[in-house]
Structure formats: structure tokens, C-alpha cells
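Trainee: Top line first, the protein sequences correspond to chains F and L.
Here our numbering is used: the first residue of the first sequence is 1, the next is one more, and so on.
Here our numbering is used: the first residue of the second sequence is 1, the next is one more, and so on.
Note that the Cβ used here is the ideal one computed from N, Cα and C, for glycine as well.
Structure provided below as C-alpha cells; questions to follow.
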Amino acid sequence: MDFSFLFTNIVELTITGLAIGAVYSLVALGYTMVYGVLQLINFAHSEVFMYGTFAVAWVFVFLHGTVPVTQSLGSTIGLLVVALLAAMALSAAIALVIERVAYRPLLKRGAPRLMALISAIGASFALSELMGLRDRVVGWVGLRDNLDNYVSKARDTYSNPVTIQPDTVFHVGSYGVKNVDIMVIVAALLMMIALDQFVRRTRFGRGMRAVAQDPDSAALMGVNASRIVRGTFVLGGMMAGAAATLYMVKIGSTRQDSGFILGVKAFTAAVLGGIGNLRGALVGGLILGVAENYGAGIFGTQWKDVVSFVLLILILLVRPSGLLGESLGKARA
Amino acid sequence: MGVVRTYLDRMARRYAALPRPARLALIVLLVIFFYVLPLLRPPIITTEQIDFGGVMFGVAATALVAVGLNIVIGYAGLLDLGYIGFYLVGAYTTGVLTAYHFAWPFFLVLPLAVVVTMATGVLLGWPTLRVRGDYLAIVTLGFGEIIRLIVTNVGWLGAAAGIKDIPHPPNIGPAPKPPFDQGGLFSIPSLQWDGIIPSIDQGRDTRFLIFGALSAVPYYWLILTFLILILFADRLVKDSRVGRAWEATREDEDAAELMGVPTFRFKLLAFALGAAIGGLSGSLYASSQGGYINPQSFPLLLSILFVAAVIVGGAGSRWGAIVGGTLVAYLPERFREFADFRLLVFGLALMILPVYRPQGLLPPRRTIRARVAAKEIDQLEGRDDAQTEVL
Chain F
1 MDFSFLFTNI
11 VELTITGLAI
21 GAVYSLVALG
31 YTMVYGVLQL
41 INFAHSEVFM
51 YGTFAVAWVF
61 VFLHGTVPVT
71 QSLGSTIGLL
81 VVALLAAMAL
91 SAAIALVIER
101 VAYRPLLKRG
111 APRLMALISA
121 IGASFALSEL
131 MGLRDRVVGW
141 VGLRDNLDNY
151 VSKARDTYSN
161 PVTIQPDTVF
171 HVGSYGVKNV
181 DIMVIVAALL
191 MMIALDQFVR
201 RTRFGRGMRA
211 VAQDPDSAAL
221 MGVNASRIVR
231 GTFVLGGMMA
241 GAAATLYMVK
251 IGSTRQDSGF
261 ILGVKAFTAA
271 VLGGIGNLRG
281 ALVGGLILGV
291 AENYGAGIFG
301 TQWKDVVSFV
311 LLILILLVRP
321 SGLLGESLGK
331 ARA
Chain L
1 MGVVRTYLDR
11 MARRYAALPR
21 PARLALIVLL
31 VIFFYVLPLL
41 RPPIITTEQI
51 DFGGVMFGVA
61 ATALVAVGLN
71 IVIGYAGLLD
81 LGYIGFYLVG
91 AYTTGVLTAY
101 HFAWPFFLVL
111 PLAVVVTMAT
121 GVLLGWPTLR
131 VRGDYLAIVT
141 LGFGEIIRLI
151 VTNVGWLGAA
161 AGIKDIPHPP
171 NIGPAPKPPF
181 DQGGLFSIPS
191 LQWDGIIPSI
201 DQGRDTRFLI
211 FGALSAVPYY
221 WLILTFLILI
231 LFADRLVKDS
241 RVGRAWEATR
251 EDEDAAELMG
261 VPTFRFKLLA
271 FALGAAIGGL
281 SGSLYASSQG
291 GYINPQSFPL
301 LLSILFVAAV
311 IVGGAGSRWG
321 AIVGGTLVAY
331 LPERFREFAD
341 FRLLVFGLAL
351 MILPVYRPQG
361 LLPPRRTIRA
371 RVAAKEIDQL
381 EGRDDAQTEV
391 L
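Laid out in C-alpha cells, this is it:
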């Protein structure tokens with residue numbers, strides 16, 4: 001137990017915790033929206049995120065090349081915007097594929113919810129393995145040599161060629177707050193505000209809330225439920241793509257199995273805030289990120305995950321349906 | 001796939017229609033078949049690239065875990081994603097008590113490991129079982145991960161290096177005296193196959209009953225024996241008042257509570273019993289041929305595979321759990337020649353199966369009955385396209 005470490009570094013731990021928590025929040029939105037509409041744990045959402053991180057890496061390789069360089073955030077911003085768009089597009093596409101292949105056939109047949117969970121687990125395995133075997137897949141179509149930059153060492157950690165050098169923007173106490181952390185937090189907050197307003201104000205958002213509340217009545221009122229479900233997956237995918245971009249800015253490397261543990265964390269964040277609740281995902285993610293950092297500061301890094309799960313269990317004991325506990329359907333317009 | 005479905009259903013129905021003695025005889029034959037399976041080494045089924053006895057041990061261990069988890073998920077309807085924690089507690093209790101800090105005899109430690117795991121189940125269930133549904137899933141997942149991280153980080157439990165040289169179960173018959181005397185009471189040969197013609201394989205003997213490094217078959221026999229005993233116990237419990245209370249709790253917790261079922265206590269019981277069986281399997285795993293455990297043997301992913309085993313087999317059906325556990329443990333080993341692709345294929349199979357068997361491979365018989373009843377009600381009410389959701 002090292003409380004003095006925690007207190008001397010509290011600003012740094014808070015800021016970096018908020019940054020990683022913002023990534024959790026964005027991924028948690030995907031879990032929470034699908035849960036709100038379908039009452040399903042979309043286990044494959046972690047792979048949606050993982051494909052996003054690769055989209056970012058590929059954009060950098062395509063537009064920048066494989067030569068490793070270190071540069072400041074300002075000179076990378078153009079590349080980052082392109083990467084963000086690509087990641088959002090790829091993640092949304094993967095989410096749509098998951099909905100089409102793993103969920104729709106089951107829901108049409110009225111399969112039990114647990115079976116849909118199994119199908120999602122299967123989709124998660126298949127997608128993650130497909131990424132890990134991409135060199136083979138590309139080899140079958142004879143493009144192995146042309147795409148070598150993208151597919152070689154498919155199972156190894158894949159580092160972004162451009163390392164972003166964080167610059168200090170201002171000081172709080174003795175700690176210099178880095179522009180990368182600020183950018184991650186602000187970007188994530190902007191995305192979430194945009195989503196929240198979208199769900200509250202648009203026609204589509206109203207449809208989403210209606211389906212979440214009562215799918216049958218919503219259908220009777222002329223809401224095209226399957227379109228809403230598809231749209232929900234796309235929205236969740238886009239958020240995961242944004243999260244993937246911010247993750248690559250902050251962490252800088254990815255792997256075919258990097259989605260799993262982040263997915264577990266993000267789902268934890270969603271439950272912490274109250275699953276099915278958009279603002280809950282934000283609160284849950286930020287709290288989880290900060291608590292994790294504090295826990296690591298006090299007990300050592302190896303206990304980080306223990307701290308976050310203990311926190312989750314404690315909160316659920318006091319508030320059995322999460323901190324904000326309100327479902328997507330009950331969110332007021 | 002459709003053919004398989006009707007075939008499976010027809011098999012189940014035909015079996016149910018048989019007179020009792022015939023059913024008993026069939027079961028006995030099946031049991032004998034499974035005992036000698038690793039000696040028969042039938043073609044196609046046998047894994048050529050990896051020791052078949054060892055694979056069968058893994059299959060039986062997973063089936064045992066699935067039977068235990070089936071009590072939690074299938075009977076009581078509690079989605080437990082952290083079941084691996086109990087498997088780990090059983091294995092580590094055995095490791096610590098027989099090798100790492102103490103040197104207690106195996107058959108004393110085995111029941112002790114079961115008791116310790118059961119206590120862990122109660123301890124974890126007490127606070128967590130108050131939350132419902134999917135919240136329970138994430139809480140149990142959290143506990144599974146916490147347990148794994150604790151053994152990874154605590155030096156007293158071997159930390160990341162794990163526990164080595166866990167003693168094997170005691171032998172029956174004279175101990176082996178290397179290099180020539182293999183010990184044991186007698187020797188059982190294996191078969192080898194040339195196409196469909198069997199012959200005796202001289203090089204692959206199993207000494208009865210030496211738990212050594214040469215043959216994994218005795219370990220398989222031991223765990224299979226436990227599996228059969230557990231199946232009997234499972235049947236007794238399921239058909240008792242306890243089983244009915246679980247069913248009521250699963251179908252509608254509030255209604256069950258109103259009818260006077262102390263649902264919390266029964267959920268806790270399901271959790272504890274499930275944990276105990278997981279601990280038993282873990283304990284047998286720890287003292288198996290390898291005699292080595294470390295935290296990496298218990299990843300979260302394995303926990304999710306266990307859940308997949310139960311649900312793929314058909315949640316709530318003990319034979320389904322065995323089939324599911326068998327598939328999950330066996331298929332990746334059998335298709336080792338696809339090496340890198342086996343997980344991909346496994347994932348695809350998990351996606352395809354629910355489309356054709358939405359209730360699992362061998363759904364519990366009550367579900368079929370309930371579906372028929374529900375269909376009749378629908379017909380009486382004049383709805384014919386109504387979909388009935390079970391579970």
C-alpha cells in the first residue's frame with residue numbers, strides 16, 4: 001500500500017485515468033445501446049473495436065509508410081482525421097456484419113437469449129482469428145506480396161509507425177498536462193454529446209427509444225424495428241471506431257486479441273453506469289478508468305484489474321442496476 | 001443440419017420409449033464403451049497427433065465441469081461467466097495441500113478441495129446472488145478474474161510460475177520399479193487399426209492401476225468414475241424438491257418467492273453445488289498426468305468456453321452438458337491438423353449451430369413438452385404464428 005505515491009501523483013493518475021476511461025466509455029456505448037434495444041450482451045463488440053484499431057494502423061501505413069517516426073500531435077492531426085473516418089467506417093461495417101450473421105437469423109427464429117450470446121461468442125472468436133490469420137487469407141487470393149505491409153506477422157503486436165510525442169499544454173501543480181490526454185478526453189466527450197443528442201432529438205433516436213421500451217408497440221406505431229436494430233449496431237460500431245482511434249493515439253499498438261480485455265472493461269463500465277443507459281456508460285467508463293489508475297497507484301499495477309472488478313461488485317451491491325440505472329427506453333426526450 | 005436435428009430428436013424419443021431394463025442395458029453398454037474407448041482407439045475418432053488418452057482425460061474433465069455449470073446455468077438459470085474460478089480453486093487447493101506447502105495424501109485432499117471450493121461458492125454467491133440477470137454475469141466474470149489475478153500475484157500460491165510436481169493419485173498394486181518392472185496388477189493392451197482391421201498394439205500397454213507418466217488412461221478412468229457418480233447425484237437432486245425449486249426460480253423468481261420458495265437460498269445452493277463439482281474437476285486436473293498448474297491454465301476465455309459447452313449442449317439437460325463439454329474439448333484437439341484454423345472453425349461452428357438448434361443439441365425433455373403445451377395453447381387461442389420463448 002503506497003498512499004504517498006497516490007497523493008503525489010494524483011493529478012497525473014486522474015488525467016490519464018480519464019483518458020483511458022473515455023475510451024472505455026465510447027466502447028461501452030456500443031454494449032449499452034445494443035443491450036437497450038435487444039437486451040443482449042453483444043459479446044462480439046470487442047472485435048468491432050479491435051478492427052477499428054487495425055483500420056487506424058493501416059491508414060497510417062498507407063499514407064505514411066512503415067518508417068517509424070516520432071512527431072508531435074499537431075503535425076499528425078490530418079492523418080488522424082482520415083484514420084478516424086476509416087476506423088469508424090470499418091467498425092460500423094463489422095458491427096453490421098455481426099448483426100446480419102450472428103443475430104438476425106437467431107432473432108428471426110425466436111431463439112433463447114442465451115443462444116444469441118453463444119452465437120456472439122462464436123462471432124467474436126471467428127473475427128479475432130480471422131484478423132490473426134489475415135496473412136493466410138490474403139495468401140489464398142495471391143496478394144500476399146502486395147499487401148505485405150498490412151498482413152505480415154499477423155499474430156504479433158502491431159505498432160503504429162507514427163509515435164505521437166505528447167507535449168505539455170499547462171501545469172497543474174508540478175504535473176504537466178499532456179495535449180494527447182486532453183485531445184482524447186475532449187474528442188470522446190464530443191462524440192458522446194453528439195450521440196446523446198442524436199438519440200434524444202432525431203426521428204431515428206426516438207425510434208430507438210421506442211423499440212427499447214416495447215418492441216411490439218413500437219412496431220404497431222410504425223417503427224421499422226429491424227432498421228432500428230441495424231442502425232443501433234452501426235452507431236455502436238462508429239463509437240467503437242472512434243474509441244479505437246483514440247486508443248491508438250494513447251497506446252500506439254494493437255493485436256488481434258487486444259479487443260477481449262478492453263471489451264470486458266468496457267462492458268464492466270456499461271454495467272457500472274447502468275446498462276442500457278447512454279450517460280451511464282460515460283459515467284461508468286470515466287469512473288472505471290480513474291479508479292483503475294488510483295488502484296494501480298496504491299496497490300501496484302498488477303492489482304489494477306482486481307481493483308476495478310471489486311469496485312464494480314461493491315457498486316452493484318449498493319445499486320443493483322448500476323449508478324444511473326435508467327434504461328435507454330426511459331430516457332426522456 | 002436439418003437431418004441431424006430430426007435424427008437426434010428421433011433417437012431421444014426412441015430411447016424414451018424403450019422399456020426400463022432395455023434402457024438400463026443401453027446405459028451400461030454405453031458406460032463400458034466409454035471406459036474402454038481410449039484402449040480401443042477406433043479410427044477417425046482417435047487423435048493421431050496427440051496422446052488420445054490425454055485428450056479423453058481433458059474431454060471428461062470438461063464434461064464434468066459442464067455438468068457442474070449446468071446446475072448453475074441450466075437448472076437455476078444463473079448465468080455464471082466466472083466458473084473457471086471454482087475450477088482454479090479446486091486445482092490450487094490440491095496443489096498447495098499435496099505439493100507446495102504440505103504433503104497430504106491425495107484422497108484426503110480431494111474431498112477437502114471440494115469443500116473449500118463449495119465454501120468459496122457460498123462466499124462469492126452470498127453478496128452476488130442478490131443482483132439479477134446479466135448483472136450477475138458480469139459480477140461472476142469479475143470474480144473469476146479476481147481469483148485468477150490473486151493466484152498470479154500472491155507468492156504463497158506460486159505466483160506466475162505456478163505449482164510443479166503435484167503428486168499423482170495413489171497406485172493400486174505394486175509400485176513400478178524402473179527400468180523394467182512397470183508395476184501394477186496386470187497389463188491391458190491397446191488396439192491398433194489398419195483401415196477397419198484391428199490388431200493388438202504391443203507397444204501401448206496400460207498397467208492396472210498405475211498413475212504414472214506412461215499412460216493417461218488411468219487418470220481418465222478415475223475422472224470418468226467421478227463423472228458417473230456425479231451424474232447419479234445430479235439426477236437425484238434434479239428430481240427432488242430442490243430441483244423443482246430451481247426450476248420455479250428460473251422460470252419466474254418473483255412468482256416462486258410468492259409461492260413460498262426461498263429463492264435466494266436455493267440459488268445459493270445451486271451456486272455451491274456447481275462450485276463443488278467445478279472444484280472436483282479442478283482437483284483431478286491438478287493431480288493428473290502433467291502434475292503442473294499455473295495461472296495461465298485458467299484464462300477467462302476458458303470460462304466462456306465452459307458456458308458455451310453448457311448452452312451448446314442444451315442448458316438444463318445433463319446429457320446435453322456432457323455432449324457440449326465433449327465437443328468443446330474434443331473438436332479442437334481432433335482437428336489439430338488445421339492447427340491455426342481450428343479456433344476460427346470453432347467460432348464459425350458456434351455461430352452456425354444456434355441457427356439450426358436454437359435450444360442446444362440435446363435440449364432438456366421438459367422444454368420439448370413445454371413447447372408442445374405452449375403450441376396447443378396458441379392454437380386454442382387462434383394464434384398459429386406465435387413464437388414461444390423458453391428460458
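Locate the alpha helix (DSSP H) running through Thr70(F), then write down its first and last residues.
Mentor: Counted as a single uninterrupted DSSP element, the stretch harbouring Thr70(F) is not any alpha helix (DSSP H) but the beta strand (DSSP E) occupying residues 69 to 72.
Trainee: Check the Cβ of Pro320(F) against every Cβ in chain L and list those closer than 9 angstroms, keeping chain order.
Mentor: Arg130, Val131, Arg132, Tyr135
Trainee: Expressed to the nearest angstrom, what Euclidean distance is found between the alpha-carbon atoms of Gly184(L) and Ala60(L)?
Mentor: 24 angstroms
Trainee: Pairs of beta-carbons, one from the stretch 232 to 251 of chain F and one from the stretch 87 to 94 of chain F, closer than 8 angstroms: are there three or more?
Mentor: yes
Trainee: Looking at Val290(F) and Leu29(F), is the spacing between their C-beta atoms short of 8 angstroms?
Mentor: If you check the CB distance, Leu29(F) and Val290(F) do not come in under 8 angstroms.
Trainee: By how many angstroms is the C-alpha of Pro19(L) removed from the C-alpha of Gly142(L)?
Mentor: 48 angstroms
Trainee: Please go through the same chain and pick out, in chain order, the residues whose beta-carbon is closer than 6 angstroms to the beta-carbon of Leu391(L), but skip the five residues on each side of it.
Mentor: A caution first: Leu391(L) carries a pLDDT of 40, below 50, which makes its placement in the model too unreliable to give a value.
Trainee: From the DSSP output, in three-state form, read off Pro167(L) for me.
Mentor: coil
Trainee: Quick one: which unbroken beta strand (DSSP E) runs of 3-plus residues sit fully inside the stretch 259 to 303 of chain L? Chain order, please.
Mentor: none
Trainee: Using a threshold of 7 angstroms, is the CB atom of Thr301(F) nearer than that to any non-hydrogen atom of the ligand COA?
Mentor: With respect to the ligand COA, the structure offers nothing, as it holds no ligand at all.
Trainee: Determine the chain L residues that contact Leu130(F) at a beta-carbon separation under 7 angstroms, and present them in chain order.
Mentor: Leu344
Trainee: Go ahead and pull the three-state DSSP assignment for Gly300(F).
Mentor: coil
Trainee: Going by DSSP, name the residue or residues bridged to Phe208(L).
Mentor: Phe186(L)
Trainee: Quick one: Cα of Val81(F) to Cα of Glu292(F), how far?
Mentor: 29 angstroms
Trainee: Entirely within the stretch 332 to 366 of chain L and at least 4 residues each: give me those alpha helix (DSSP H) ranges in chain order.
Mentor: Listed in chain order, the complete alpha helix (DSSP H) runs (minimum 4 residues) inside the stretch 332 to 366 of chain L are 342 to 356.
Trainee: Rounded to a whole number of angstroms, what is the C-alpha to C-alpha distance between Leu335(F) and Pro218(L)?
Mentor: Outside the displayed range of chain F (1 to 333) lies residue 335(F), so it cannot be described from this structure.
Trainee: Do the CB positions of Ala248(L) and Val237(L) come within less than 8 angstroms of each other?
Mentor: no
Trainee: Compute the distance between the beta-carbons of Ala281(F) and Gly273(F), then report whether it is under 8 angstroms.
Mentor: yes
Trainee: Hey, does Asp156(F) have any beta-carbon neighbour from chain L nearer than 8 angstroms?
Mentor: no
Trainee: Taking Ile147(L) as part of the alpha helix (DSSP H), name the residues at either end of that continuous run.
Mentor: 133 to 153
Trainee: From the beta carbon of Met115(F), is the nearest beta carbon of chain L less than 8 angstroms away?
Mentor: yes
Trainee: Under 6 angstroms Cβ to Cβ from Arg335(L), same chain only, skipping five residues before and after it: list those, please.
Mentor: Contrary to the premise, residue 335(L) reads as Phe rather than Arg in this sequence. For Phe335(L), where only same-chain residues beyond five positions count, the Cβ hits under 6 angstroms are Arg342.
Trainee: How should Val271(F) be labelled, buried or exposed, when 16 other C-beta atoms within 10 angstroms of its C-beta is the threshold for buried?
Mentor: buried
Trainee: What are the residues of the stretch 285 to 305 of chain F that lie near chain L, defined by any Cβ-Cβ distance shorter than 7 angstroms?
Mentor: Gln302, Trp303, Asp305
Trainee: In this structure, what does DSSP give as the bridge partners for Ser338(F)?
Mentor: No answer is possible for residue 338(F): the residues shown for chain F start at 1 and end at 333.
Trainee: For Gly162(L), which residues of its own chain have a beta-carbon under 7 angstroms away from its beta-carbon, when the five flanking residues on both sides are left out?
Mentor: Tyr292, Ile293, Asn294, Pro295
Trainee: Whether or not the stretch 252 to 259 of chain F and the stretch 156 to 168 of chain F are in contact is what I'm after, with contact meaning three or more pairs of Cβ atoms, one per stretch, closer than 8 angstroms; do they touch?
Mentor: yes
Trainee: Note down the Cα distance separating Ile45(L) from Glu333(L), rounded to an integer number of angstroms.
Mentor: 11 angstroms
Trainee: Exposed or buried, Gly243(L), counting other C-beta atoms within 10 Å across all chains shown (16 or more means buried)?
Mentor: buried
Trainee: Can you tell me whether DSSP reads Trp193(L) as helix, strand or coil?
Mentor: strand
Trainee: Flag Glu145(L) as yes if its beta-carbon sits less than 8 angstroms from any beta-carbon of chain F, otherwise no.
Mentor: At least one C-beta of chain F is nearer than 8 angstroms to the C-beta of Glu145(L).
Trainee: Enumerate in chain order the residues of its own chain whose CB-to-CB distance from Pro198(L) is below 6 angstroms, with the five nearest sequence positions on each side excluded.
Mentor: Once the five neighbours on either side are set aside, the close Cβ partners of Pro198(L) are Leu191.
Trainee: Taking just the CA atoms, how far does Leu73(F) sit from Asn179(F)?
Mentor: 8 angstroms
Trainee: Quick check on this structure: which residue in Glu376(L), Glu381(L), Ile377(L), Leu353(L) has the alpha carbon closest to the alpha carbon of Arg109(F)?
Mentor: Measuring from the Cα of Arg109(F), the nearest candidate turns out to be Leu353(L).
Trainee: With distances taken from CA atoms, which of Gly382(L), Glu381(L), Gln359(L) is nearest Arg371(L)?
Mentor: Comparing Cα positions, the closest option is Gln359(L).
Trainee: Taking 8 angstroms as the cut-off, decide whether the C-beta atoms of Leu361(L) and Ala308(L) are in contact.
Mentor: no
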